[in-house]
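Everything on this sheet refers to the single structure shown next.
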Amino acid sequence: MVLSSAWLVHRSALARMSTSPDAKKWSRLIEIGQVRITTPTLLEVGHLAASEREWCELVEDVPIIHMPVAALTPRTEARALEIQRSLLKRSRRRGPSVPDLLLAAIAEEADLTVLHAARDVELIARTTGQPVERLRV
126 MVLSSAWLVH RSALARMSTS PDAKKWSRLI EIGQVRITTP TLLEVGHLAA
176 SEREWCELVE DVPIIHMPVA ALTPRTEARA LEIQRSLLKR SRRRGPSVPD
226 LLLAAIAEEA DLTVLHAARD VELIARTTGQ PVERLRV
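For the sequence shown, our numbering begins at 126 and goes up steadily by one.
Here it is, written out as structure tokens:
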């Protein structure tokens, strides 16, 4: 389901974006600020770095440098907790990660479509009803 004209990128889509058949489309949308990122996603990307130099290449370079940051608020933090609880009502497993829950809550509050390539994002969307778009790979 795709409803908005702006997206919030999930780490799974970010990792695969350059090899997507739609890479040029996403590059253009990133350049004009239509694809946003969250601080938790930036932290996940930065966590992959083995050095400061590598961190700078990952976090402070193209395409991320062109993505506005969609911020956490007390309201989005509370909503992430609600989503986590709703997911646990449906299942006995722990479910999606904390960054995934925060990303979903931020996207919901900002009316952004989550761009992803991950099953957990779809699981959250089935619970919240929020728009998501699977990156073509």
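Yeah, the Cβ is synthetic: ideal placement off N, Cα and C, and Gly gets one too.
As DSSP reads the structure, V170 sits in no beta bridge. Counting only runs of at least 4 residues, the stretch 152-240 fully encloses the following alpha helix (DSSP H) elements, listed from N- to C-terminal order: 164-172, 177-184, 199-215 and 223-235. In the structure shown, the three-state DSSP call for R259 is strand. By the Cβ neighbour-count rule, D147 is exposed, with fewer than 16 other Cβ atoms within 10 Å of its own. Counting along the chain, T253 sits inside the alpha helix (DSSP H) bounded by residues R244 to T253.
Nearest to E202 by C-alpha distance, out of S152, P165, A138 and V246, is P165.
Around the CB of T253, 16 or more other CB atoms lie within 10 Å, so the residue is classed as buried.
I155 and A174 have their alpha carbons spaced roughly 22 Å apart.
Selection A195, P193, A230 and L197 evaluated against R210 yields A230 as nearest (Cα-Cα).
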